[in-house]
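Numbering (the numbering used here), first residue to last: 38 to 175. Glycine residues also receive a C-beta, built at the ideal position from the N, C-alpha and C atoms. Model, not experiment: these values are computed from the prediction. Heads up, the thing below is written out as structure tokens.
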Amino acid sequence: KMSGDLQWLLLRKSSSFIRPSAPESPLLSSEPGNLIAKHSYKYSSTINGQKALGIKPQEKGALIVARKTKSPINEWNKGFAKTQVTGGKRRAYKSTANVVSTTRPDLLKPSVARVSAIYASQNPKKDAPVKKVRGNKA
38 KMSGDLQWLL LRKSSSFIRP SAPESPLLSS EPGNLIAKHS YKYSSTINGQ
88 KALGIKPQEK GALIVARKTK SPINEWNKGF AKTQVTGGKR RAYKSTANVV
138 STTRPDLLKP SVARVSAIYA SQNPKKDAPV KKVRGNKA
């Protein structure tokens, strides 16, 4: 078993999940389970495999995928707990906070923000109001 620091030193320059960005901006990542999409040791789910956490949009609501704390590393697929979040926004935020606080309490705000963005994208868009004619043309 290799330490997380050594894994990060080996992967930080050559990860296949690194996305190109502007030269002065921080490196971005398309890694599954990376809530912030920032390429860093803290948010990497490949380095922090035992604490992996991902939030995906569903048809209605969101799906939270969290790594079980006592799952063996050799049974990787069986070691994830999937929580379907549906219902109102406040209920979704609370259930997200409950799941995330046991796995990665440092990612509480970003995870609630991700669920909020998912719910905002699922709302139907309102039509723009008709512009009223003003002045002499009325």
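Check	Outcome
Per DSSP, cross-strand counterpart(s) of A74	None; A74 has no bridge partner.
Q44 vs I84 beta-carbon contact at 8 Å	yes
Cβ distance (whole Å) where H76 is taken to contact S62 below 8 Å	That belief does not hold up - the Cβ atoms of H76 and S62 are roughly 11 Å apart, past 8 Å.
Beta-carbon spacing of V122, V152 below 8 Å	yes
Cβ-heavy atom distance, T120 to the ligand FMN, below 7 Å	No copy of the ligand FMN occurs in the structure displayed, which carries no ligand at all.
The region 88 to 101 touching the region 132 to 147, judged by at least three CB pairs closer than 8 Å	yes
According to DSSP, residues forming a beta bridge with K169	Answer is none; K169 lacks a bridge partner.
Nearest to G98 (by Cα), restricted to the options A154, V167, K50, M39	A154
Alpha-carbon spacing of K107 relative to V136, whole angstroms	15 Å
Outcome for P147 when other beta-carbon atoms lying within 10 angstroms are tallied against a minimum of 16	buried
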